[in-house]
Amino acid sequence: MAIRGCGANFGVVYEFIYKAHEQKEDVAGIISYPGEKLDTDFEAVNTWLKSCQSENESVFFAPFAGKSDI
């Protein structure tokens, strides 16, 4: 394998070292609800946040105004 450097120079790769780290399960996604459900949504998010057992758990909750086609 060769890597092109700046200009016309090339470098030959003779060793490649990497370190892998354990990956725990991540969960992510987007959920969309109509605006009429906003109070219920806030209640659900607050209940969930109170039950978090790790400081690494979080939620990004962003209400948007307007019509959604989702």
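Under full-length UniProt numbering, residue 70 is the last one in the sequence shown; the count climbs by one each step, no gaps.
Backbone N, C-alpha and C fix where the C-beta goes; we use that ideal spot for every residue, glycine too.
Notebook entry, point to check: From what residue to what residue does the alpha helix (DSSP H) around Val45 run?
Noted result: Numbered from 1 along the sequence shown, position 45 holds the residue referred to as residue 45. Unbroken alpha helix (DSSP H) run through Val45: Leu38 to Ser51.
Note to self: Using only the alpha-carbon positions, how far apart do Val27 and Thr47 sit?
What the structure shows: As a working note, residue 27 is residue 27 in the sequence shown. As a working note, residue 47 is residue 47 in the sequence shown. Cα atoms of Val27 and Thr47: separation of roughly 18 Å, rounded to the nearest angstrom.
Check: In whole angstroms, what separates the C-alpha of Lys50 from that of Val59?
Finding: Mapped onto the sequence shown, residue 50 falls at position 50. Mapped onto the sequence shown, residue 59 falls at position 59. Whole-angstrom Cα-Cα distance: 12 Å.
Note to self: Asp41 and Tyr33 - do their beta-carbons sit closer together than 8 Å?
What the structure shows: To locate residue 33, count along the sequence shown from 1; it is residue 33. To locate residue 41, count along the sequence shown from 1; it is residue 41. In terms of Cβ geometry, Tyr33 and Asp41 form a close pair [threshold 8 Å].
Margin query: From the DSSP secondary-structure annotation, give me the bridge partner or partners of Phe16.
Written below: Locating residue 16 in the sequence shown gives position 16, counting from the first residue. Paired residue(s): none; Phe16 is not in a bridge.
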